[in-house]
Amino acid sequence: MDEHVNDFATKLHEVNVEKKILRIDPETKLKRAKEAVEDYRDSVASGFNDLINKITEAYEGIIVQLQNDNDQQLDQIYDLQQDIEKLKEERK
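Just add 100 to the spot in the sequence shown (first one is 1) and you have my numbering.
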């Protein structure tokens with residue numbers, strides 16, 4: 101995200117430098133400023149999308165791990181039930 105902020109600041113700085121050096125007409129300055137703002141907005145949106153994707157992947161990993169743990173516990177319960185049944189049969 102810092103990279104996006106730095107890119108935005110650099111673009112704004114470039115616009116200001118061009119304004120001073122080249123005496124750019126107001127329409128061009130406005131156009132370039134709008135482009136810089138749009139680029140910044142797109143960068144921020146992209147950064148948030150990346151963050152959301154990483155969080156989603158992490159949650160999916162946690163869910164898979166919990167399902168695996170649950171399956172293992174169910175297998176253990178099943179094995180214990182089988183052992184109990186065997187013991188009951190042996191007692192008879």
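Where is the CB? At the ideal position from N, CA and C, for every residue including glycine. Nothing here was measured: the structure is a model prediction, and the numbers come from that model.
{"Asked": "Which of the three DSSP states is assigned to K192 in this structure?", "Found": "coil"}
{"Asked": "For a test of the three-state rule: what should DSSP assign to D125, helix, strand or coil?", "Found": "coil"}
{"Asked": "Return the CA-CA distance between T128 and K134, expressed in angstroms with no decimal places.", "Found": "10 Å"}
{"Asked": "Taking the C-alpha atoms as reference points, what is the distance between Q182 and Q165?", "Found": "26 Å"}
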